[in-house]
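These protein sequence lines map, in sequence, to chains A and B.
With numbering that gives the first Met the number 0 as the guide, the letters of the first sequence map in order to residues 0 to 317.
With numbering that gives the first Met the number 0 as the guide, the letters of the second sequence map in order to residues 0 to 218.
Built from N, CA and C at the ideal position, the CB exists for glycine as well.
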Amino acid sequence: MSLLEVVVRALSVLAAFLVLPLLVGQTEHKVMAHMQGRLGPMYAGGYHGWAQLVADGVKFVQKEDITPRAADRWVFRLAPAVALIPYLVALAAIPIAPGVAAIDVPGSVVLVLAATSVGALGTLMAGWASANKYALLGGLRAAAQLVSYELPIVLAIASMALAGGSLSLLTLTDRWSPWWMLWQLPGAVVFLVAAVAELQRPPFDMPVADAELVMGAWTEYSGLRFAFFLLAEYAGIVVMSLLFAALWLGGWHGPFEDTLGWLWTLLKGLVVAVVVIWVRVAWPRLREDQLQRLAWLWLVPLALLQLMLTGAGVVMGW
Amino acid sequence: MSGLPGILKGLVTTARTALRPTHTAEYPDVAPDLPPRSRGVIALLEENCTSCMLCARECPDWCIYIDSHKETIPATTEGGRERQRNVLDRFAIDFSLCMYCGICIEVCPFDALHWSPQFEYAEVDILDMLHEKDRLGGWMATVPPPPALDEKSAEPAEIAASNKPARGTGLVGAGGAATGGPGARMPRTVRPRPATARPQPEPETPEPETPEPEPPDAT
């Protein structure tokens with residue numbers, strides 16, 4: 000791989016990383032507004048408020064960057080980057096078109112799982128370093144939630160890896176067949192629920208429950224660092240949606256997949272992202288104990304069951 | 000899972016709302032559809048004002064300012080009496096004090112004050128909320144015509160008064176009925192009287208021309 004190719008790949012991933020989360024955010028603005036009988040942003044940019052998030056970004060840049068006096072200064076300032084960068088790495092490993100991913104490594108499934116787990120560390124660092132009781136409670140809730148929901152995610156993806164016989168996302172998506180949508184359905188449900196919980200999105204937003212914890216681990220943040228946390232949340236939606244699309248919905252598989260493969264991947268990812276938004280609008284927040292109950296009594300057993308089913312299927316050669 | 004129907008219902012409800020038109024009133028772009036008799040601002044019809052000061056005195060928070068002076072009108076006929084009339088110099092309403100009770104409009108005997116639905120007159124400084132008579136008069140153009148009367152309601156007093164026939168013309172065959180004007184009446188029923196009370200001189204004789212006293216019109 001030449002240096003030029005490396006640069007082009009890195010830049011295209013960076014561009015996708017900066018554009019796709021904004022696209023999801025704008026979709027959330029509009030879809031949520033219409034689900035609540037509103038119009039959403041209508042002015043910024045002229046046409047139906049398309050530039051609302053750009054305007055928000057300009058606003059965040061102008062705001063003062065405050066570090067509390069009692070905060071653990073370096074950890075506090077580093078936390079947004081720790082939350083944001085792993086999703087950039089994870090996005091790079093997502094397959095887009097047949098044989099095309101920004102970084103093609105043999106164990107890209109493991110890479111994506113490891114990277115998304117590191118992202119959660121940023122929330123924990125922010126909560127601990129803020130020297131604020133709400134932030135600390137939010138950080139601890141986030142830690143408890145991530146410990147609970149990492150396991151179902153790993154088990155669901157392990158089932159996919161077992162079915163495809165590979166740890167490479169490109170190979171897995173290549174071997175995908177429509178029959179998997181039924182065979183791997185329990186795992187798909189487990190992954191979707193656990194992914195929403197991992198992203199700390201409603202109805203699993205206990206770490207940032209604004210009625211109880213102000214803004215959880217992000218309470219003390221302002222300006223650009225706060226915007227980075229928000230960007231990390233939407234980048235997380237992009238990564239999880241594309242991962243779900245690539246593994247369970249077949250990624251680039253569709254008509255004219257040699258030329259339009261990338262479009263199918265993005266469209267399927269967008270559908271998953273809309274489902275994540277839809278769930279946020281429709282359902283109220285779970286209580287902390289209900290969250291743990293759902294993870295350990297429903298998702299983990301279901302994921303183990305799926306793993307057994309997949310193992311049986313692989314051995315019997317389905 | 001026992002909560003499943005409710006969970007699905009939430010998804011269905013939000014999806015259905017998303018597919019329906021929104022309820023948002025795009026106010027600055029689209030003018031709001033105000034109900035009739037909206038209380039936006041108080042407009043002044045200066046010609047009707049006699050500077051009688053009733054509104055200023057009834058105003059609960061004293062937000063109406065009136066200055067006037069008297070002018071003498073010379074007699075129109077030789078040896079006649081000079082007359083005086085009030086000339087309005089200043090009429091101002093301080094809308095930073097006004098509480099939109101509408102008492103001034105109620106008490107005005109000459110319909111000089113009217114409710115206008117115009118409400119977009121916010122100012123940056125509260126001192127700029129004191130509006131003089133030219134501004135108040137400008138709002139007269141936005142005053143809607145009075146709402147139509149309800150069906151079967153009594154006719155307005157002015158119309159009833161003009162429709163009432165002139166005195167002494169309300170009889171059968173009299174001028175009022177013959178002209179077929181708006182005040183034409185049905186022939187009055189002649190009530191037969193008991194013979195014992197007052198013996199009739201001749202049965203063929205018509206009723207005497209003097210009418211019975213009419214009951215006052217219940218308008």
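Shown here for residue 274 of chain A: same chain residues with a beta carbon closer than 8 Å to its own, the five before and five after excluded, namely 191 in chain order.
At least one CB of chain A lies nearer than 8 Å to the CB of residue 9 of chain B. Secondary structure note for residue 69 of chain B: its beta strand (DSSP E) is the uninterrupted segment 63-72. Of the other Cβ atoms in all chains shown, 16 or more fall within 10 Å of the Cβ of residue 199 of chain A; this residue is therefore buried. With a cutoff of 8 Å on beta-carbon distance, residue 206 of chain A and residue 114 of chain A are scored as not near each other. For the pair residue 67 of chain A and residue 226 of chain A, the Cα-to-Cα distance works out to about 17 Å. In the DSSP secondary-structure assignment, residue 90 of chain B is bridged to B:65. Separation of residue 298 of chain A and residue 311 of chain A (C-alpha to C-alpha, rounded to the nearest whole angstrom) is 20 Å. With a threshold of 8 Å between beta carbons, residue 36 of chain A makes contact with chain B. When A:294, A:288, A:284 and A:254 are compared, the shortest CA-CA separation from residue 96 of chain A is found for A:254.
Contact of residue 281 of chain A with chain B is assigned, a C-beta pair being separated by under 8 Å.
Among the residues facing chain A, residue 17 of chain B is included, as its CB has a counterpart in that chain under 8 Å away.
Under a criterion of Cβ atoms nearer than 9 Å, the residues of chain A adjacent to residue 22 of chain B are, in order, 36 and 37. For residue 18 of chain A, the three-state secondary structure derived from DSSP is helix. Contact residues of the stretch 31-64 of chain A toward chain B are 32, 33, 34, 35, 36, 37, 38 and 41 (C-beta to C-beta distance below 8 Å). By the rule that beta-carbons nearer than 8 Å mark a contact, residue 41 of chain B does not touch chain A.
For residue 231 of chain A, the enclosing alpha helix (DSSP H) begins and ends at 222-246. For residue 114 of chain B, the uninterrupted beta strand (DSSP E) run begins and ends at 112-115, by DSSP.
Rounded to the nearest angstrom, the gap between the Cα atoms of residue 144 of chain B and residue 85 of chain B is 28 Å. Within the DSSP secondary-structure output, residue 130 of chain B pairs in a beta bridge with B:92. In this structure the stretch 234-253 of chain A does not lie against the stretch 128-135 of chain A, because fewer than three pairs of beta carbons, one per stretch, are closer than 8 Å.
In the displayed model, residue 275 of chain A falls within a helix according to three-state DSSP. Per DSSP, the beta-bridge partners of residue 42 of chain B are B:113. Between the stretch 146-162 of chain A and the stretch 302-309 of chain A, the count of C-beta pairs closer than 8 Å reaches three or more; the two stretches touch. Counting C-beta pairs closer than 8 Å gives fewer than three between the stretch 26-44 of chain B and the stretch 48-60 of chain A, which falls short of the contact rule. The criterion of a C-beta distance shorter than 8 Å is not satisfied by residue 82 of chain B and residue 64 of chain B. For residue 6 of chain B, the chain A residues whose Cβ falls inside 7 Å of its Cβ are 282, in order along the chain. Look at the stretch 275-306 of chain A: the residues with a C-beta under 9 Å from a C-beta of chain B are 277, 278, 280, 281, 282, 283 and 297. Measuring C-alpha to C-alpha distances from residue 193 of chain A to each of A:30, A:36, A:291 and A:92 identifies A:291 as the nearest.
In the pairwise beta carbon analysis, the stretch 99-111 of chain A is classified as touching the stretch 169-181 of chain A: at least three pairs are separated by under 8 Å. When DSSP reads this structure, residue 96 of chain A sits in a beta bridge with A:99.
According to DSSP, residue pairing for residue 85 of chain B in a beta bridge involves B:69.
Judged by pairs of C-beta atoms under 8 Å, the stretch 66-76 of chain B does not touch the stretch 138-158 of chain B, as fewer than three such pairs exist. In this structure, residue 208 of chain A lies near residue 284 of chain A, with their beta-carbon atoms less than 8 Å apart. Taking a C-beta distance under 8 Å as the contact criterion, residue 36 of chain A and residue 21 of chain B qualify as a contact pair.
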